[in-house]
Amino acid sequence: MAIHLGVVTLALAALLIVDREVPVSSGKFISARTPICESMAEPPNCPQTPNLICGTDGVTYKNECHLCLTRIKTKKDIQIIKDGEC
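FYI, the numbering for the sequence shown is -27 to -1, 1 to 59, going by mature numbering (1 follows the signal peptide of the UniProt record, and there is no 0).
In C-alpha cells, the structure reads:
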C-alpha cells in the first residue's frame, strides 16, 4: 500500500510540473514562473519603473506588480513566461 501511495504521489507531482509548461509560438515548451503577489491583498500603487515581463495570457506587463493587479482583478492564474516583451 505504501508503494502504491508513493507512485500516486509521484504521478500527481509530475502532472503538476507538466501543467506549468506553456506553449509558445515557436512550438517549444517553457516553464512559467509564479509572480509574487501574496502581499498584495489591497490594490497597491505599482511603481511606474518599466521592468517588462510577458504573461501566460500573451500580454506584456510594465512590471510584476501590474501583472499581479491583473491577476487580482480577473482572478486568473496568469504566470510569467519570460522577462521582456511577449
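All C-beta atoms in this analysis are idealised placements derived from N, C-alpha and C, irrespective of residue type, glycine included.
Since this is a predicted model, take the numbers as computed values, not measurements.
- In the three-state scheme derived from DSSP, where H, G and I count as helix and E and B as strand, residue 46 is classed as helix.
- Taking every protein chain shown into account, the CB of residue 9 has fewer than 16 other CB atoms within 10 angstroms, so this residue is exposed.
- For residue 10, the secondary structure class from DSSP, reduced to helix, strand or coil, is coil.
- Under DSSP, residue 30 shares a beta bridge with no residue.
- The continuous stretches of beta strand (DSSP E) do not include residue 35, and DSSP gives it neither H nor E.
- DSSP lists 6, 28 as the bridge partner or partners of residue 53.
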